[in-house]
Each structure stands twice: as C-alpha cells, then as structure tokens.
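In what follows, a structure is listed as structure tokens, so that the remarks can point back to it.
Protein chains: 2
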Amino acid sequence: MVSIYDIAKRAQCSTMTVSRVINNTGRISEKTRQRVRAIMEEMNYVPNHAARSLVLQQTKIISLLITDITNPFYTTLARGAEDAAQRLGYRLMFSNSDEDVKKEHEYIETVLSMRVDGVLIAPAGDQSLEHLQKLQLYNIPFVLVDREVPGIESDRVLGDSKEGSKALVDHLIKLGHRRIAFINGSPGISTARMREAGYLETLKLNDIPVNPDYMFETGYSQFDADPIIDKLLSLEEPPTAIFAANNFITLAVIRSLRSRELRIPDDMSIVCFDDLDPGYIVDPFLTIAAQPAYDFGRIGMQMLIDRIQGTANEPRSVILPSKLIVRRSSTEI
Amino acid sequence: MVSIYDIAKRAQCSTMTVSRVINNTGRISEKTRQRVRAIMEEMNYVPNHAARSLVLQQTKIISLLITDITNPFYTTLARGAEDAAQRLGYRLMFSNSDEDVKKEHEYIETVLSMRVDGVLIAPAGDQSLEHLQKLQLYNIPFVLVDREVPGIESDRVLGDSKEGSKALVDHLIKLGHRRIAFINGSPGISTARMREAGYLETLKLNDIPVNPDYMFETGYSQFDADPIIDKLLSLEEPPTAIFAANNFITLAVIRSLRSRELRIPDDMSIVCFDDLDPGYIVDPFLTIAAQPAYDFGRIGMQMLIDRIQGTANEPRSVILPSKLIVRRSSTEI
DNA sequence: CTGTTAGCGCTTTCAT
DNA sequence: ATGAAAGCGCTAACAG
Chain B
24 MVSIYDIAKR
34 AQCSTMTVSR
44 VINNTGRISE
54 KTRQRVRAIM
64 EEMNYVPNHA
74 ARSLVLQQTK
84 IISLLITDIT
94 NPFYTTLARG
104 AEDAAQRLGY
114 RLMFSNSDED
124 VKKEHEYIET
134 VLSMRVDGVL
144 IAPAGDQSLE
154 HLQKLQLYNI
164 PFVLVDREVP
174 GIESDRVLGD
184 SKEGSKALVD
194 HLIKLGHRRI
204 AFINGSPGIS
214 TARMREAGYL
224 ETLKLNDIPV
234 NPDYMFETGY
244 SQFDADPIID
254 KLLSLEEPPT
264 AIFAANNFIT
274 LAVIRSLRSR
284 ELRIPDDMSI
294 VCFDDLDPGY
304 IVDPFLTIAA
314 QPAYDFGRIG
324 MQMLIDRIQG
334 TANEPRSVIL
344 PSKLIVRRSS
354 TEI
Chain W
24 MVSIYDIAKR
34 AQCSTMTVSR
44 VINNTGRISE
54 KTRQRVRAIM
64 EEMNYVPNHA
74 ARSLVLQQTK
84 IISLLITDIT
94 NPFYTTLARG
104 AEDAAQRLGY
114 RLMFSNSDED
124 VKKEHEYIET
134 VLSMRVDGVL
144 IAPAGDQSLE
154 HLQKLQLYNI
164 PFVLVDREVP
174 GIESDRVLGD
184 SKEGSKALVD
194 HLIKLGHRRI
204 AFINGSPGIS
214 TARMREAGYL
224 ETLKLNDIPV
234 NPDYMFETGY
244 SQFDADPIID
254 KLLSLEEPPT
264 AIFAANNFIT
274 LAVIRSLRSR
284 ELRIPDDMSI
294 VCFDDLDPGY
304 IVDPFLTIAA
314 QPAYDFGRIG
324 MQMLIDRIQG
334 TANEPRSVIL
344 PSKLIVRRSS
354 TEI
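One line per chain: the protein sequences are B and W, in this order.
Everything in the first sequence is counted per the working numbering, starting at 24 for the first residue and increasing by one.
Everything in the second sequence is counted per the working numbering, starting at 24 for the first residue and increasing by one.
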C-alpha cells in the first residue's frame, strides 16, 4: 500500500509537506499543493487510519452497542445515532450483544483495544456494571441509552418507562379490565423494573389487588410464551388483558394466543411498549406506549460527542416521554 | 493509557518480554510469565489495536456493508455473518449504505483507510463497480452477497432470483391468474434484473402476452405505492395478482390496497421475495419465495475468511435456492 | 513555505 | 530465555 513516504518521494518533498496537504494544515504554496494532490490521486493514496490514530490519540470512531439487532426499536435507534454521528464527523462501529453480558464484555474489550473515542451503549443489564466501570477507568466517554445501570453515574437517555406503564395499565382499567396480567422482561434490566413499578402503582391507585399469579418475568428477546399462557388460562380467574413489557414479548404472546384460536381483543386485550416498527407492519393494531427510538439514538449521540469534545461537567439525564397510542388490540371488557 | 512500556518498567524487563507474554510466542520462563501477567492484570493493560495492526499489517477486522439495516432480510444476514466471524476470530464492523451509492463510497473510503482484512458487501447497485475496483486495486479481499455487479469477478453468494421468480409466477398462473402485475426494484440491481427475467420467461412459457402496463420499477426500500396502484386499478383490465420483487415493496402495496379497502387475496393476490421476518410477523400470510438470509451471511463470511487466510484461487460462486412458501395472500381467481 | 527529528505502541529480527 | 535496535505510517514541535 502506498504511504505518504511514497508520494513524498515522487513529489520531491518531505513527508511533512504531504501530511500538510492531506490535512489542510500549515501554509503551503498553491503550486506544491496542486502537485502533491495530483500525485496522491494518481497513486490512489488512502491515509492509514491506524498510523494516524496512533499519533493523534483519537480515532474519530464511536462504538454503538445494542442488545438486539433484530429488534426494530434498536435498529431505529441505531439509525438516529448513525445520522447524528455522520453529521458531526464521526464513524460508527456497531455491535450487537444479544442481551448477553459475556458477549458484551468481549465487545467492550475490543472497544477498549481500538481506543474508540466514545461508546453509546444500551447495556445488557445491571451486570454491565463491571464493563462500564472499565470504561470509566480508562476515561472513555460513554452514554447510556434506553437502560440505566445502578452504580453508574453517566450521561444517559432513557424512556419514561414508569409513566408509559401507568398510561397503558390505566387505559386498560378505564376499559373495564381488572384482571390484568403483566409479562415482564428480566428484573436485571432497569426498564423492566420501572415498568413493573408503573404496573403496581396503577393497580394500587385503582384499588385493584395485586395477583402474583398474573405476573411473570421472562426476557426481552424472542421466546416461547406457551408455558406462560398455559398458566394464565388455567387460572380460576384468567386475566382479561395482558400487559407485555415490550414488542417481542407481545409477539410471543400473540403467537401463543393465536395457536389456541383466541382472538385479540375479543378474548384478550393486549398492550405493550414499543412499536413493531411501522415499516414492517402492514396493519398496525397494537395499543402501545410508543417511545421515540430514533431520538434515543440521535440525542444520545449528540450528548456523547458533546462529552468527547467539550469540557467535562455534570452527567446529564434526558428522559424521553412515551406516547400512548390506542389501537385495536385493546377493547372494553 | 498504560502501554507495554509501562508494564515492562514495572516488571523490570524489556518490552519484548511483555510482548511475548501477551502473544504467547517465544520461550519465556514460567516465573517471568507469571510476574508479567500479574502486573498486566494489576495495571489493567489493554493492547493498543492501532499500534499492533500497524506493525502486523492486519487488523482482524472485517467490514460488513449492507444496504438497509431496517430490512429483516439484511439483519438476519448480518447475524449469520456475525456468528461466523466470531467463530473464526474476526471482529465485525458493520455499516449501512441506505441503498445509496454515495454513502457506500464514503464507507468504502473508511474501510480502505482502516485497512480491514476483508469486506462482505451487499452492493447498492451496479454503480458500486467503482468502489469494488478500488478494493481490488488494493488487494482487499471481498465477497459479494445477495447482489452481483457486472464487471466484477469475485467470490459471491447469491440467491437464485430467477428461479424464485419463476416459482412465484408459476404458482399464480396455476391458480388461474393471467393478469399479473410486476412491481420491481431498480434495474440497476442484479436481483431486480433476474427477477424480471424470471417473470417474463414464465409468462412466455405459458403463452401469456407481456403487458407493459403491468410492469413497474421502483426501489427496494420503503416507498409509497399509491401512484402505482392507482395506475393499475384504472386500467381497463386491472391485474388480479401482483408480484412484488421484495418484502418492502409488498408492504407498500399492501398498505395502498388496504387504504382502498381492497382485500387480500379476495380482491388481489400478492406474492413476493423474502419474508417479513418470522420474528416480527404475528400471523404470516404472505406467499413468498423465501431466501435463506442467515446462510447468505454465514457462507459469505466463511468464503471471505477462506480468501483472507487461504491461497488465492479462482473466484467461487454460491447460489442459494429459494423456497416457495404458499400462504394466504394468494388464491384462485 | 518547507524540512528534520522524534515518537505514538507494538513486533520482527538479530544478538546475547 | 531475554534484550536492543529498527521500523510500521503518520504528525507535533521545532528549525530554517
């Protein structure tokens, strides 16, 4: 591969001159600039990123770590982040932890090794604490998106999971439901805890007793809901509505209900967080608490770049509201 | 950040010894190995990727370039690629060209600059020729997935678009349809050309005249199908079935039909390529030519790494068959 | 306006 | 078994 050395030789000048042309720094006569430019073009010169970042001590690369590349919530978030990064002159390198703390750990190791300028991360869960502390140890700026991690003080962009949760449950109660099941993600994830809190609080406010048989904890990824639905349906008083903590849980629930020929919402109302992406859905019918996924990414990225470039000040938190969108999956009892 | 220099000082040895410990090369006394290890641990040493790849002239990074991160076909492909890469000891850096040749060009520039070991790319279109030639110029191994580019000889993993197309159209004809519209992607993309060829050939085989009014070219990304549906429906003999070249075109078509209260398949049969991802779809109802997206990524990545590590031989082509899955979106006329 | 020197963090080669 | 020297490609700092 051709280096500035090669092109310096051909241009009969020093590597410094070439470097200056490349970076548009210092003062150079128009004549030599032209000459060097031409030769660079002719020889197809491409700067070596490794060499440059070695001396510059910065890479202009930001790492985006999400937990599930197949979830439209995160791909939309990624889009927001990508657009913002590009606007601000950074390249994005994205990786997918698969909701797996170990995999996340490996990626953080790579990220550290590559000395990226910053990390935008949707942590796999509370156990991400360890990796995040490692980032702190090395003073690598990072911003938490979507999920927070107890013990970590940092910039973050979160949804208002509790409020969204309350809105959904409240909506069901107003429709006359009192037997509302709640299928949650792992309690090791902050959003799951907040959503549960919203659920419990709303029941309480409406004097509806909490029924432990109605509450389940699973994962946010794709899974088989049959066992849970089995249990719910075999209860003496099965629920009339299900609040699923996210879109993928909802999918599993719907699939399970359909396989039993149960109709939504006639036989069971369903509400959840996050859309199944407007793009994929032919006929949106889910009642949801919609979160502004794109803005999660966009704002998170801006905060991160602020942090990278700016003077370090207090960690900032941005809480983005979710919006209740009532559609056909929920109905009066 | 701590370097091997720092830990050499602390360990009272040369940087070479430290390097040997890190890489498990050369012969080192167990005693010093232990000592160095401990100090590395204690000082939280993380190797500097840039420095290492500068001297090694390899990065162990592979770039994956897809055209639409929101399309489940590509995210599934990405998963396949990621899994294979990880298994073989490479890191993936993925980027999204947005079906935009200019954006793709920028990414290729970055990829070149980063001296990645190889590139797995679903090219935006025939115009990607220029970038790909640049990769060839620099001897950067790459594998084309999903789409080929005229003028480029290289390893590639493609679907059998023509056969899949024939199967879909044949299926419609067997159901009694003779007025079959075809809404295609851009003719600047190889898969679109093959799909059109399959469409035309199957009509011909069945003595059905080609009606230019039934044929449209749009893009593979999300768009508004209303104008096309308008035209089709205002024809004297509107089609009874639509063959949409990919999943996103189908979505647009379905949305447009629904807004007119037209039912599928009663008022219009629909078939297309690629699933709308099993994960997102509550109730799969599309008749499709399903392509093994995961394998596109997995096999492509394996070929790429073969190429990176192995001796260079003839470019290989892998053609993956698609499978006709008949569901409810198509019915007898 | 341009060049020289030194060094970023690491590994290869050759000594010892 | 360990170390010294040189260099990967580039730029900051200082000269001239």
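Even for Gly, the Cβ is constructed at its ideal location relative to N, Cα and C.
None of these values were measured; they are calculated from a predicted model.
Check whether residue i and residue j have beta carbons under 8 Å apart
i: residue 186 of chain B; j: residue 179 of chain B; result: no
i: residue 59 of chain W; j: residue 44 of chain W; result: yes
i: residue 244 of chain B; j: residue 271 of chain B; result: yes
i: residue 275 of chain W; j: residue 215 of chain W; result: no
i: residue 139 of chain W; j: residue 158 of chain W; result: no
i: residue 116 of chain W; j: residue 116 of chain B; result: yes
i: residue 101 of chain B; j: residue 120 of chain B; result: no
i: residue 296 of chain W; j: residue 201 of chain W; result: no
i: residue 195 of chain B; j: residue 349 of chain B; result: no
i: residue 313 of chain W; j: residue 352 of chain W; result: no
i: residue 169 of chain W; j: residue 211 of chain W; result: no
i: residue 88 of chain B; j: residue 144 of chain B; result: yes
i: residue 283 of chain B; j: residue 248 of chain B; result: no
C-alpha distance - residue i paired with residue j, whole-angstrom precision
i: residue 24 of chain B; j: residue 137 of chain B; result: 22 Å
i: residue 105 of chain B; j: residue 320 of chain B; result: 8 Å
i: residue 406 of chain B; j: residue 340 of chain B; result: The question about residue 406 of chain B has no answer, for chain B in this structure spans 24 to 356.
i: residue 35 of chain W; j: residue 66 of chain W; result: 15 Å
i: residue 53 of chain W; j: residue 40 of chain W; result: 12 Å
i: residue 55 of chain B; j: residue 131 of chain W; result: 28 Å
i: residue 80 of chain W; j: residue 122 of chain B; result: 33 Å
i: residue 133 of chain B; j: residue 84 of chain W; result: 10 Å
i: residue 47 of chain B; j: residue 151 of chain W; result: 29 Å
i: residue 236 of chain W; j: residue 135 of chain B; result: 57 Å
i: residue 208 of chain B; j: residue 230 of chain B; result: 25 Å
i: residue 190 of chain W; j: residue 86 of chain W; result: 34 Å
i: residue 288 of chain B; j: residue 354 of chain B; result: 6 Å
i: residue 221 of chain W; j: residue 205 of chain W; result: 11 Å
i: residue 273 of chain W; j: residue 322 of chain W; result: 27 Å
i: residue 260 of chain B; j: residue 234 of chain B; result: 10 Å
i: residue 181 of chain B; j: residue 113 of chain B; result: 23 Å
Where residue i falls: helix, strand or coil (DSSP)
i: residue 63 of chain W; result: helix
i: residue 324 of chain B; result: helix
i: residue 346 of chain W; result: strand
i: residue 357 of chain W; result: Here chain W covers residues 24 to 356 and nothing more, so residue 357 of chain W does not appear.
i: residue 233 of chain W; result: coil
i: residue 92 of chain W; result: coil
i: residue 246 of chain B; result: coil
i: residue 340 of chain B; result: strand
i: residue 293 of chain W; result: strand
i: residue 260 of chain B; result: coil
i: residue 145 of chain W; result: coil
i: residue 255 of chain B; result: helix
i: residue 198 of chain W; result: coil
i: residue 175 of chain B; result: coil
Extent of the continuous alpha helix (DSSP H) run through residue i
i: residue 71 of chain B; result: Element bounds for residue 71 of chain B: n/a, residue is neither H nor E.
i: residue 124 of chain W; result: 124-136
i: residue 270 of chain W; result: 270-282
i: residue 213 of chain B; result: 213-228
i: residue 153 of chain B; result: 152-160
i: residue 50 of chain W; result: No alpha helix (DSSP H) contains residue 50 of chain W, which DSSP labels as neither H nor E.
i: residue 38 of chain W; result: 38-46
Residue range of the unbroken beta strand (DSSP E) whose run includes residue i
i: residue 118 of chain W; result: 114-119
i: residue 179 of chain B; result: 178-182
i: residue 25 of chain W; result: Here residue 25 of chain W belongs to no beta strand (DSSP E), and DSSP marks it neither H nor E.
i: residue 356 of chain W; result: Per DSSP, residue 356 of chain W belongs to no beta strand (DSSP E) and is neither H nor E.
i: residue 167 of chain B; result: 165-168
i: residue 207 of chain B; result: 203-207
i: residue 240 of chain W; result: 238-240
Got a sec: which bits of the region 26-56 of chain W sit with their beta carbon under 7 Å from any beta carbon on chain B, in order along the chain? none
Determine which residues of the region 87-112 of chain W have a Cβ less than 8 Å from any Cβ of chain B, and write them out in chain order.
-> 92, 93, 95, 98, 99, 101, 102, 105
| query | Listed from N- to C-terminal order along the chain, which residues in the region 63-77 of chain W have their beta-carbon within a distance smaller than 7 Å of any beta-carbon of chain B? | reply | 67, 69, 70, 71, 72, 73, 74, 76, 77
| Residues of the region 110-144 of chain B whose Cβ lies closer than 8 Å to any Cβ of chain W, in chain order | 114, 115, 116, 117, 118, 119, 132, 133, 135, 136, 137, 138
Pull out every residue of the region 281-292 of chain B whose Cβ sits closer than 8 Å to any Cβ of chain W, in chain order.
-> Within the region 281-292 of chain B, the residues whose Cβ lies closer than 8 Å to any Cβ of chain W are, in chain order, 281.
Report task. For the region 151-174 of chain B, enumerate the residues whose C-beta is nearer than 7 Å to any C-beta of chain W, in chain order. Result -> Against chain W - using a Cβ distance shorter than 7 Å - the residues of the region 151-174 of chain B are 160, 161.
Using a beta-carbon distance cut-off of less than 8 Å, what residues from the region 309-326 of chain B approach chain W? none
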